[in-house]
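**Student:** Mind looking over this structure? Questions follow.
Numbering (UniProt numbering), first residue to last: 1 to 275.
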């Protein structure tokens with residue numbers, strides 16, 4: 001204890017100087033409005049910046065949770081809408097019970113995604129335990145994303161639309177002309193609409209949507225818009241470039257859709273048409 005007192009005694013002049021300085025600063029800011037305003041504004045700005053950083057940090061995690069909850073809620077609403085559609089249709093026509101209520105929807109989060117390969121894949125945070133099975137269609141609020149390739153208990157892999165092995169049955173919304181959409185491996189925001197005859201009139205800006213023919217996607221999910229259409233040089237089909245509606249470099253939450261009638265439809269077509 002004696003050593004502490006001796007140490008403080010040696011620093012008595014310095015400590016007295018600090019005390020007087022603090023007292024002087026306090027008097028200046030208390031009795032002089034301009035200096036007080038500067039100090040007040042500076043301290044407010046510092047505290048405000050600290051709170052801004054804190055709120056941004058907390059908001060990031062809060063927004064992530066909110067987006068995930070919103071995606072799950074949207075999947076529930078899609079299921080309810082699909083169940084409601086036959087009721088709405090019955091006001092004007094009789095709906096076949098086999099085709100009614102045949103789509104189910106799930107939400108999931110993208111945990112891995114590639115866009116720079118010829119065969120790009122996406123990994124989701126849900127799998128067999130959540131009801132996800134191979135063959136399900138995958139889309140988001142912008143449009144078609146791909147199709148489920150394989151599943152484990154907790155994860156699923158998706159063949160991205162940016163995969164040269166994937167074909168999507170499509171049509172032009174304005175004219176009902178159908179074809180198959182395929183990525184050509186060049187640009188992550190463009191693909192080709194195939195098998196549209198040369199005599200068909202195509203205008204830039206026309207919307208490409210799912211046709212509903214292959215039992216993977218419901219009819220009418222956006223895919224993109226016509227960028228250009230030119231006569232094919234070596235075929236009887238048009239060379240149609242499509243600007244994709246989905247931003248594949250920024251995938252976060254997606255929806256999965258399952259056609260509950262798909263097995264029956266596939267079985268019937270195999271028996272009738274053959275492989």
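Beta carbons: idealized from backbone N, C-alpha and C, even for Gly.
Once you ignore the five residues that flank residue 92 on each side, which residues in its own chain have a CB closer than 8 Å to its CB?
**Tutor:** Because residue 92 carries a pLDDT of 35, less than 50, the predicted location of this residue cannot be relied on, and the following value inherits that uncertainty. Taken in chain order, the list of residues that qualify is empty.
**Student:** So the beta strand (DSSP E) residue 167 belongs to, where does it begin and stop?
**Tutor:** 167 to 172
**Student:** Sort out for me which residues DSSP pairs residue 197 with in a bridge.
**Tutor:** In DSSP, residue 197 forms a bridge with 237.
**Student:** Which of the three DSSP states is assigned to residue 153 in this structure?
**Tutor:** Judged by DSSP in its simplified three-state form, residue 153 adopts coil rather than helix or strand.
**Student:** For a test of the three-state rule: what should DSSP assign to residue 18, helix, strand or coil?
**Tutor:** Residue state, collapsed to three classes: helix.
**Student:** What residues are listed by DSSP as bridge partners for residue 133?
**Tutor:** DSSP output for residue 133 lists no bridge partner at all.
**Student:** Given that a residue counts as buried once 16 or more other Cβ atoms are within 10 Å of its Cβ, and exposed if not, what is residue 231?
**Tutor:** Looking at its Cβ environment, which holds fewer than 16 other Cβ atoms inside 10 Å, residue 231 is exposed.
**Student:** Grab me the residues of residue 235's own chain with a C-beta within less than 7 Å of its C-beta, minus the 5 sequence neighbours each way, in chain order.
**Tutor:** The answer is none, since no qualifying residue turns up.
**Student:** Answer yes if the segment 198 to 216 comes into contact with the segment 166 to 177, meaning at least three C-beta pairs across the two stretches below 8 Å, and no otherwise.
**Tutor:** yes
**Student:** Kindly indicate which residue of 104, 178, 240, 183 has the alpha-carbon position closest to the one of residue 248.
**Tutor:** Closest by alpha carbon: 183.
**Student:** Touching or not, the segment 215 to 228 and the segment 134 to 149, by the rule of three or more beta carbon pairs under 8 Å?
**Tutor:** yes
**Student:** Report the rounded CA-to-CA distance for residue 134 versus residue 217, giving the unit in angstroms.
**Tutor:** 13 Å
**Student:** Give every residue of the same chain whose Cβ lies closer than 7 Å to the Cβ of residue 125, excluding the five residues on either side of it in the sequence, and list them in chain order.
**Tutor:** 108, 109, 111, 155, listed in sequence order.
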